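Let me begin by presenting the structure, written as structure tokens, before commenting on it.
2 protein chains.
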Amino acid sequence: MSVSRERTSVTEVSLHRPYLAANVTAWDYETDVAIVGFGATGACAAIEAAQAGARVMLFERGSGSGGASALSGGEIYIGGSGGTDAQRAAGFEDSTEDFAAYLKAAGGACADEAKCDLYAHEAVNHFAWLKAQGVPYRGNYLPGKHIEPTDDSTLIWSGSEAAAPFCDIAKPAPRGHVIAHMGWGGGRPLVDILESRARSLGVKVVSDARAVALVKDGERVVGVVVRVDNQDRFVKAERGVVLCTGGFVFNEDMRRRYCPDTLRLSSPIGDQDDGSGIELGVGAGGDAIHMEQYFSTCPWTMPEPQAYGVFVNQAGQRFINEDCYHGRVSRTALDQPGNRVYLLLDIAHFDQPLEMAGMTIAGTGDTWEEVEQELGMAAGTLSATMAFYNSHAREGRDPLFGKRTPILTPLDEAPFVALELNFATSYFSFFTLGGLRTSTDGEVLGRDGKPVAGLYAAGRCTSGLPASGHGYSSGLSLADCTFFGRQAGRRAAAG
Amino acid sequence: MSVSRERTSVTEVSLHRPYLAANVTAWDYETDVAIVGFGATGACAAIEAAQAGARVMLFERGSGSGGASALSGGEIYIGGSGGTDAQRAAGFEDSTEDFAAYLKAAGGACADEAKCDLYAHEAVNHFAWLKAQGVPYRGNYLPGKHIEPTDDSTLIWSGSEAAAPFCDIAKPAPRGHVIAHMGWGGGRPLVDILESRARSLGVKVVSDARAVALVKDGERVVGVVVRVDNQDRFVKAERGVVLCTGGFVFNEDMRRRYCPDTLRLSSPIGDQDDGSGIELGVGAGGDAIHMEQYFSTCPWTMPEPQAYGVFVNQAGQRFINEDCYHGRVSRTALDQPGNRVYLLLDIAHFDQPLEMAGMTIAGTGDTWEEVEQELGMAAGTLSATMAFYNSHAREGRDPLFGKRTPILTPLDEAPFVALELNFATSYFSFFTLGGLRTSTDGEVLGRDGKPVAGLYAAGRCTSGLPASGHGYSSGLSLADCTFFGRQAGRRAAAG
């Protein structure tokens, strides 16, 4: 017994279990709401909590705001309620019902229907709120297929809305809303604007402060321990703690336990996302769900002609309608047997692949039969797939997967090429989607479905709108982070 | 604060959090090792703990021993060390290296390599131990492809050992060892023998006793609360508690949170497996891993001629070498787009499908083109697949998936038939494979990788040898249950 007693001595702090309030000898900080993590999620939570009248402190492990949000394109998935001004100006009506139906289909078996319904209902108001915080939008629509706008355009198609099976489930509309920012990388200015707004509301920011434990008094979370200059500082949070720490893509041990499929991929993206918020939340009684889910994509749609390509697996079989979101195609590619798939192009749709993508030319030929042979595939596999595809593409049909024009087009102009997307060596960026289970108010829920008192969470340390890797759309994670970050901040301020 | 204090009052017991030892006013039972669950896992744990000299009590929620084990075929996956007597008598050598390599390949990204290595090394000794407990084996080999022997034979091929890709990873051998029992259903006599042995060693069994909470003193588990006749009974376990409660296939809420893919299937198998051991273990500080993994199978290989069939998905594409384990084929079928796959047969390989399987005749024809048309598939899909398959099968080759003779055989004798395996309405039995993370000694490990003192677990409330649904082999779960049940019992007895 004495050994176990020692293990709970007052000097031990751990991500994996709460620190007991009775062992806190003195509080270093006292606030109403303590927020952990200063990406877009934490910033939005801070703004709402401060506007609700709470004293707010925000603790960030890095030297300043940012997180994975600042590495993103600053695109937010918004629609419903008849459409945003940008949607309507471009002639797209977007009903709340269609928006909710798309969100649920995208989440698949992992969808949180209550979150989908609430967000579909509130997204247009959320867009107004973002503008009110100072986030600028040009307001125009940029047609075509883009990963991010290369100019400062607002509205793009950013998911699988217009592709099967989604277009048969919900009337499609473009819903990716991008901050007015020239070129890629709108995430950084988005966070800067939200940070500025939070600071103007009196939010106190402590940087280089890593959360190492939650503090509990009985069943209630009453504070957080942060490590600053290698010293543990005790933060009393009268109304609650909000975890906004991101996913666990940079925690290889967690990936091995919960999401081992990602161990074969080489390009995690994020900003030190080590799952610490998930560990803190579960240690305090929270529940982590859908932990095997991850987003992954290879930038195969660039240069643009490549978007017209056809994918086959090692058996020479197609496996998806390639006109859906590039991430859905990539994620489905990773489900195929073996360790690679091929992107097939004719000369009319070939350009040098991006060097960063790590896609290599694996076979060429004056006929698809020659390409097939160069890839070492049996005669009548890839070549038959392409003969079938081309004959139907000429009629504007894809009987196998429902791909649509104009992306659906014959690839029959010799010479032909097969680009290899190798799961280990090509650039498959990825991040995790599983995390704490939360209510629509951002309350962290225990395995019994009841809230853990005093504990809130949002963003990628939770399972939210982007619940499934196969149904991801660009802007879905930032939508979840910003909207449910606000929900959590407001709920925490209410105590 | 007062509200949260009330929530930890001494009268509340919950699967989701430990009961504090300080709140126990009197112990109803005192023992060294308390085992929860009386399937094969609990029985083996009890035998080992008793043999190590510990006082052992076993608590079972049902009215007697059984669990999912008693519903099984009583088949245990055994090999390595040159082979069991049954393997060697039939001419199969089986090295420990090959056995371990197969186990690891079967577990895929979820494999626990230490468990695979230990079991591969010890399995032949484990077989001797089972015999020493009184489990009878006839010792003969039954060639062919069987789900379970229909007689009392011992050794059968029960996995994907001889099929691609496993046959290229490890030298194949049959490893399914079945208790001498006429016909299916050897699990019941297996549990009966183990129960008899446990009782003869003085293990005290309390039936109709449902575990509702673990008792913790500081960081250590020191007992368990069981509910008997709607009264909570407090069990002091001086050396440890062993959870042997099975998976969570009958807990729809847990499946929704951790394994939602199974919600579309209609035939869970098990015996009240409600995940309570996982909830208890996680609540006490344990870690639940690979919770999305599940076994599923449809009995498509019966009647026996059907085993020679070819599977296609809704796009008319093959997706696997059909000569691998029926469960691997079924599980991969569930990965295909849509909600069904088709099993294609010619008249030489057709017999009326089992009524229980819920497989229906979806199309027939004098040519594969006619079948294709009846299924509503585009011309040149299914028919091209079968033309390609048959032409290569005549040469004894399957260039796509490496299927082998004799299962690889042309299907060219008209008329032809397509049986539909519908994910919702056909009989896809399933059970869950994810659970508590444990050491090779059965210690429940926390998220920090350290053992939860006093807490042990084995069987399907843990993630073990059958780590992945795609790599399951018959007998793998009972191997895990019986061997690691023993490990946990012995370790718990050591205190």
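Chains as they are written, first to last, in the numbering used here: chain A, 66 to 560; chain B, 66 to 560. Each residue gets a CB set at the ideal place from its N, CA and C atoms; glycine is no exception. It should be emphasised that the depicted structure is a prediction, and the values quoted were computed from it without experimental measurement.
Simplified DSSP state of residue i, which is helix, strand or coil
| i | result |
| --- | --- |
| G351 (chain B) | strand |
| T219 (chain B) | coil |
| G172 (chain B) | helix |
| P370 (chain A) | helix |
| G507 (chain A) | coil |
| R525 (chain A) | helix |
| L541 (chain A) | helix |
| I212 (chain B) | coil |
| Y84 (chain B) | strand |
| S160 (chain A) | coil |
| S130 (chain B) | coil |
| P254 (chain B) | helix |
| A553 (chain B) | helix |
| K468 (chain A) | coil |
| F488 (chain B) | coil |
| D182 (chain B) | helix |
| F496 (chain A) | strand |
| F415 (chain B) | coil |
For residue i, the first and last residue of its enclosing alpha helix (DSSP H)
| i | result |
| --- | --- |
| P237 (chain B) | That residue, P237 (chain B), is in no alpha helix (DSSP H); it is neither H nor E in DSSP. |
| Y202 (chain B) | Looking at the DSSP string, Y202 (chain B) is not in any alpha helix (DSSP H), and its letter there is neither H nor E. |
| A115 (chain A) | 105 to 116 |
| G455 (chain A) | For the sequence presented, residue 455 (chain A) should be read as Asn rather than Gly. Taken as a continuous stretch (DSSP letters only), the alpha helix (DSSP H) holding N455 (chain A) covers 447 to 458. |
| E357 (chain B) | Premise fails: E357 (chain B) is in no alpha helix (DSSP H) and is neither H nor E. |
| G428 (chain A) | Note, G428 (chain A): premise wrong, no alpha helix (DSSP H); beta strand (DSSP E) at 425 to 430. |
| R153 (chain B) | 150 to 154 |
Delimiting residues of the beta strand (DSSP E) encompassing residue i
| i | result |
| --- | --- |
| D8 (chain B) | A question about residue 8 (chain B) goes unanswered here, because the residues of chain B that appear run from 66 up to 560. |
| L123 (chain A) | 121 to 124 |
| R321 (chain A) | It is not in any beta strand (DSSP E) - R321 (chain A) instead sits in the alpha helix (DSSP H) that spans 317 to 323. |
| S272 (chain A) | Counting along the chain, S272 (chain A) falls outside any beta strand (DSSP E), and DSSP gives it neither H nor E. |
| K301 (chain B) | 296 to 308 |
| T397 (chain A) | From DSSP, T397 (chain A) is part of no beta strand (DSSP E) but of the alpha helix (DSSP H) over 391 to 398. |
| Y142 (chain B) | 140 to 142 |
CB contact flag (residue i, residue j, <8 Å)
| i | j | result |
| --- | --- | --- |
| D11 (chain B) | A245 (chain B) | This structure does not reach residue 11 (chain B), given that chain B is present from 66 up to 560, and the question cannot be answered. |
| L399 (chain B) | S341 (chain B) | no |
| G536 (chain A) | G173 (chain A) | yes |
| E387 (chain B) | T425 (chain B) | no |
| G156 (chain B) | G132 (chain B) | no |
| F415 (chain B) | P364 (chain B) | no |
| F376 (chain B) | T429 (chain B) | no |
| D338 (chain A) | G312 (chain A) | yes |
| G241 (chain B) | Y142 (chain B) | yes |
| R126 (chain B) | R275 (chain B) | yes |
| Y359 (chain A) | T497 (chain A) | yes |
| S538 (chain A) | A166 (chain A) | no |
| G550 (chain B) | T106 (chain B) | yes |
| F548 (chain B) | Y94 (chain B) | no |
| Y492 (chain A) | M421 (chain A) | yes |
| G139 (chain B) | V243 (chain B) | yes |
Beta-carbon separation (whole angstroms), residue i vs residue j, contact threshold 8 Å
| i | j | result |
| --- | --- | --- |
| I385 (chain A) | F488 (chain A) | Rounded, the Cβ-Cβ distance is 16 Å, inconsistent with contact. |
| G305 (chain A) | G560 (chain A) | 7 Å |
| A302 (chain B) | T527 (chain B) | Actually they are not in contact, since the Cβ atoms of A302 (chain B) and T527 (chain B) sit about 19 Å apart, beyond 8 Å. |
| V256 (chain A) | A117 (chain A) | V256 (chain A) to A117 (chain A), Cβ: 21 Å. No contact. |
| Y373 (chain A) | I212 (chain A) | Rounded, the Cβ-Cβ distance is 16 Å, inconsistent with contact. |
| G381 (chain A) | T490 (chain A) | Between T490 (chain A) and G381 (chain A) the Cβ distance is about 21 Å, and since that is not below 8 Å, they are no contact. |
| P237 (chain B) | I221 (chain B) | Not a contact, Cβ separation roughly 13 Å. |
| S223 (chain A) | F231 (chain A) | With a Cβ gap of about 13 Å, S223 (chain A) and F231 (chain A) do not count as contacting. |
Below-8 Å beta-carbon distance, residue i vs any chain D residue
| i | result |
| --- | --- |
| A380 (chain A) | The structure shown contains no chain D; the protein chains it does contain are A and B. |
Residues in the segment 168 to 194 of chain B having any Cβ partner in chain A nearer than 7 Å: Residues of the segment 168 to 194 of chain B with a C-beta less than 7 Å from any C-beta of chain A: A174, C175, listed in chain order.
Within 7 Å of chain B by C-beta, residues of the segment 315 to 340 of chain A in sequence order: Taking a C-beta cut-off of 7 Å against chain B, the contacting residues of the segment 315 to 340 of chain A are R322, Y323, P325, D326, L328, listed in chain order.
The segment 519 to 531 of chain B: positions lying closer than 7 Å to chain A by Cβ: Only those residues of the segment 519 to 531 of chain B whose C-beta falls short of 7 Å from the nearest C-beta of chain A would be listed, and there are none.
Members of the segment 458 to 470 of chain A near chain B, C-beta cut-off 9 Å: Shown in chain order are the members of the segment 458 to 470 of chain A whose Cβ falls below 9 Å from a Cβ of chain B: R462, P464, L465, F466.
Contacting positions in the segment 433 to 455 of chain B - beta carbon closer than 8 Å to chain A: Residues M442, A443, G445, T446, A449, F453.
Chain B contacts made by the segment 382 to 402 of chain A, where a contact means CB separation under 7 Å: Answer set for the segment 382 to 402 of chain A: Q382, D400.
Chain B contacts from the segment 73 to 95 of chain A (Cβ-Cβ distance under 9 Å): Within the segment 73 to 95 of chain A, the qualifying residues are T73, S79, L80, H81, R82.
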